[in-house]
Every structure is written in structure tokens, then in C-alpha cells.
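So the sequence lines, in the order shown, correspond to chains A and B. With this note's numbering as the guide, the letters of the first sequence map in order to residues -16 to 165. With this note's numbering as the guide, the letters of the second sequence map in order to residues 886 to 1059.
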Amino acid sequence: MALPSADPAKPTLRAIAWVFLAIGMQSFGGGMSAWIRREVVHRRGWMGEREFVGGLALAQIVPGANGVNLAVFVGTTLRGPAGALAALIGMLLVPVIAVLAMATAFTQLRDIPGVEPVMTGIGAAAIGMNIANGVRMMRKNITGRWPYLLLAAIAAAIGLAGLSLVAVLLAAIPLGLWGARQ
Amino acid sequence: MSGILVKLALLFLGLSLLAVGGGNSVIPAMQHAAVTTEGWMTDKDFLDLFAISRLAPGPGSLIASLVGQKAAGLTGAAVATLAMYGPTCLLVHAAARVWGRYRDAAWRVWVERGLAPVSIGLIFASAIALMRGTETGIAAPAITAAAALILTLTEFHPLLVLALGGLCGFLFRF
């Protein structure tokens, strides 16, 4: 639900930092783009569906970790360089500290019975979260038979056939643009 | 010491620029560099770090910080993290600024509509690849499917669904 406000597209830096801090603390098992879309588009309406999906494409195409790239895109779009830093530092602060702290305690952590199956279960659920996010974005952004076919072909080419991502992108981007021409 | 820091910086700078489509694609190259080329750790050490990066919240690419820590302590962690994220974040930032200038341009709307099936297709592709990468058995795909259904059809908090996934993992002990 997007709450009406004076300028919903311009949240404060503090609001951006808090939202990304919460994302960083909750995102067990990964699924960063799903968390970011939920908070930024779905719950707060800071960004429209189409703009978000365009940013997701940018985050995937530019090299680097997708979720981190996406945080920088959202921060930049909302509040320029300061927004990008707020989103980036907000999202990574807790996970960086957590991961370094856990490394020192890992041998004890690993030997706790049940930790491994619990993490496997969380990981499996996080993949489901990504799928649900994909379905929700599909509903909001994709119309017509051609874009659906292209989407399915990309998922199968990389996920099932194991084709190289760069090769698939080189073919898929022109096809996507061709399909969206007026 | 500073030699190690330079090596860490160059390694993660290179890996981040190779990571088109996400961080997972460069994990094997990272392992090769950290274990075989540099000898900072054993294969088993690297697998432990990989497990920790999945145990903590946040992006899995934080394994870069762990490799840096293993090689050169906290300074190493800082150097590896900055090298992994700094340059690519600057790239995205620059691209987002140019992109933002054309917010209302007709061609941008066209590009956004054209890229939507590509970016969403990649989301499904990585979900499929991740599912195929996990151990065989019915429990993990069942949890994935149930979580996908719940989060598509309802507004339950994702954290609740993740916790339920962890509980199911514990109960089934697959």
C-alpha cells in the first residue's frame, strides 16, 4: 500500500537507510531483490513497478552482485549519491558484521545439531521467495504472448540448459526491445 | 602484508567485474584463486566460508569479506569488501544517474518494457539453477514450492515463511 504523502518519490535519507537496514537484517538465505521490491515498491510506493524492473535489469546487466547493485540503483534514483550510500551502507552494515562474527564462532556453530537442516530449509524457502517475487513482477509488468515466451525461454536457457548468461543476454535484450516496439 | 592486501584488492576487483548477472557466477574462480593460486586456505576452509556466507543475512557475495578476513584479518576483510563492491557500485551509480535524466523520455519507457521479460526471466533462471544445485530429495523443492505459493497468494511476512522453511528443514532432516 502506497500511503499518500507530499512527495512520495522523495523519502528522506534516514528513511532510506532504515528500510535498507531492515532488509539487511531480515534477508536470510539471500533473495535481496525480492526484499527490496517488497519494501520499496509494494509497501512504500517509493518507486513504480516499471521503473523498478528497469532498475533490476540494469543491476543484472552491470557486473557485480545483483542485490547490492539494485540497492545502489534505488538509492541513486531516490536521493542521488547520498541516497546510494544510505541504501548501500544500510543494507550491508549488519550482514558484514554478522558474517565476520560468525566466522570466528563457526566451528562451534557448525556442531550445533540441526543448524544445517534449518539453514537448508531457509535456503529453500528463500528460493521460493524469489519465485513469488518473479510471479508478482510478471503480473504487473508483462502483457502479451511474446514477452511471456521470451521470459520462459530465458529461464529455460540459463536455468535448465545451462547456457552462458552473457550469450543469452546478447540475444534476449534485442528480442525484448523488438517485442516492446510500438 | 601489504602485498596480500594488493592481491586481495586486485582479485576482488577482477572478480566483481566478471560477475555479470550476479555474484554466484564467480565463486568457483574465487575458490581457485584463494586456495590454489594464493594458498590462503584449504578447499575445506573455503567451503566453510561459503556455508557461513549462507548462514548470515544479506547477499551471498559477502563471502568476499570472509576470504579477505581469512587472508589478512580485519584489514583484509575491509579491502576485499571495498574491492568487491566499490567499483561496480560506482558503475551502477553512474548508469542510474544517466538513466534518471531520461525519466520521462519515450525511449526509456520502451527500454523498460523491453527489458522487463529479460530481468524477470533471469530471476526465474537463477531460482531454477539454485534448486538444481541443492541436494537431491523431495523436501527442499517442496519447501520452495510452498514458500512460492504462500508469498504469491498471501501477504504473510517473508520472515515468517523463511522461519517455517527452517522449521520444515529441521523436522524433515533431509
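Heads up, the beta-carbon is just placed ideally off N, CA and C, and yes, glycines get one too.
| query | result |
| --- | --- |
| Through-space distance from B:A963 to A:G162, alpha-carbon basis | 44 Å |
| Outcome for A:P46 when other beta-carbon atoms lying within 10 angstroms are tallied against a minimum of 16 | buried |
| B:P913: contacting residues in chain A (beta-carbon distance under 8 Å) | By Cβ distance, chain A contributes nothing, its closest Cβ being about 14 Å from B:P913, past 8 Å. |
| Beta-carbon contacts of B:F911 that lie in its chain and below 7 Å, excluding the five residues immediately before and after | Correcting the residue identity first, residue 911 of chain B is Val in this sequence and not Phe. Cβ within range, chain order: L900, L903 and A904. |
| Where A:L41 falls, given that 16 or more other Cβ within 10 Å makes a residue buried | buried |
| Bridge partners - B:P942, DSSP secondary structure assignment | A:F11 |
| Within 9 Å of chain B by C-beta, residues of the stretch 33 to 46 of chain A in sequence order | R33, E34, V36, G37, G38, L39, A40, L41, A42, Q43, I44, V45 and P46 |
| Residue range of the unbroken alpha helix (DSSP H) whose run includes A:V23 | Careful: A:V23 lies outside any alpha helix (DSSP H) and carries neither H nor E. |
| Within 8 Å, strictly: CB atoms of A:E32 and A:K123 | yes |
| 8 Å Cβ cutoff, B:L997 in contact with chain A | A small correction: the amino acid at residue 997 of chain B is Glu; Leu does not occupy that position in the sequence shown. Interface residue, yes. |
| CB of A:I166 within 8 Å of CB of B:A1012, strictly | One cannot answer for residue 166 of chain A here, as it falls past the ends of chain A, which runs -16 to 165. |
| For B:D933, the nearest candidate out of A:L134, A:N116, A:L68 and A:T90 (CA to CA) | A:T90 |
| Continuous alpha helix (DSSP H) stretch holding B:Y987: start and end | Unbroken run through B:Y987: none, as it is neither H nor E. |
| Interface partners of B:Y970 on chain A, CB under 8 Å | G47, A48, V51, L71 and L75 |
| Below-8 Å beta-carbon distance, B:Q954 vs any chain A residue | yes |
| Contact list for the stretch 919 to 935 of chain B against chain A, Cβ threshold 8 Å | D933 and L934 |
| Check whether A:A108 and B:T1029 have beta carbons under 8 Å apart | yes |
| Chain B within 8 Å of A:L160, Cβ atoms only | yes |
| Chain A contact for B:V1003 (CB, 8 Å cutoff) | yes |
| For A:P157 and A:L39, the rounded distance between their alpha carbons | 17 Å |
| Stretch-stretch touch, CB-based, cutoff 8 Å, three pairs: the stretch 76 to 88 of chain A with the stretch 990 to 1004 of chain B | no |
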